[in-house]
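Inspection log for the structure reproduced underneath, given as structure tokens.
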Amino acid sequence: NLEKLNAIRLLMKKEPKEDSPYLFVDRFYKQLQERNVNDIFTKAAKRAGIVVPEGKRLRVYSLRSVFETQMGNAGLPQTWIDMMMGHTVGGSRGKYVKPPEADWLEKAREVEQFISISLVQDRDAMRQNTTRQRDALELFMRLEEKYGRENMERLMKGYIDLRSKELEASEKG
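FYI, in full-length UniProt numbering the residues of the sequence shown are 1 to 173.
Here it is in structure tokens:
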């Protein structure tokens with residue numbers, strides 16, 4: 001939708017008055033609380049034409065399940081998925097299955113295409129990724145509608161955890 005794309009472009013052009021370590025900030029450049037982010041997510045879904053039942057709201061956290069499904073569909077071993085999502089790996093598997101960090105990160109890069117989101121590392125990169133962000137937002141809305149709120153919440157948390165680990169590893173060497 002051209003109207004949505006133009007709205008995203010307008011937001012991307014707005015220069016912040018100061019830097020903030022947070023991706024989601026309020027008008028005073030303070031960190032947005034989880035509820036505020038979820039409210040924004042719900043409003044964006046409604047504007048995108050996603051029907052949200054009365055008294056309900058979408059939550060970003062519900063993206064977790066889609067992450068798990070997509071990683072499984074991409075061929076990532078279930079034990080790795082469980083570890084990325086912070087699940088307890090049951091039985092003897094938890095003691096013996098420890099993927100090497102290099103293998104873990106290589107596989108993460110391979111499967112990234114299945115969720116089509118890039119970690120925004122700076123504002124210039126964010127401005128250059130307008131189309132990708134629009135596509136990601138549309139994907140989130142469709143996935144939320146298909147898989148439900150709780151699943152989507154788990155997906156998003158798992159994805160953020162994965163990308164944080166990858167970023168930390170790349171900064172170390």
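We put the CB at the ideal spot given by N, CA and C, even for glycine.
Note that the structure is a prediction, hence the values are computed from the model and not measured.
A direct Cα-to-Cα measurement between GLU68 and GLU153 gives close to 11 Å.
Of the candidates THR42, SER164 and SER65, THR42 places its Cα closest to the Cα of GLU54. For ALA169, the enclosing alpha helix (DSSP H) covers residues 149 to 172.
Ranked by Cα distance from LEU63, the first of ARG35, MET156, TYR147 and LEU23 is MET156. Setting aside the 5 residues that flank it on each side, ASP161 is surrounded in the same chain by MET84 and GLY86, each with a C-beta closer than 7 Å to its C-beta; the list follows chain order. Taking each of GLU144, PRO21 and LEU58 in turn and checking the Cα distance to VAL37, the smallest one comes out for LEU58. Apart from sequence neighbours up to five positions away, no residue of its chain approaches THR88 with a beta-carbon distance below 6 Å. DSSP, read as helix, strand or coil, puts VAL25 in strand. About 32 Å separates the beta carbon of ASN6 from that of SER65, a gap too long to meet the 8 Å contact definition.
PHE24 is the residue among TYR29, PHE28 and PHE24 whose C-alpha sits nearest the C-alpha of ARG35. Between ILE81 and GLY72, the CB-CB gap stays under 8 Å. Between TYR159 and VAL60, the alpha-carbon positions lie close to 11 Å from each other. Ranked by Cα distance from MET141, the first of VAL52, TYR29, LYS30 and LEU32 is VAL52.
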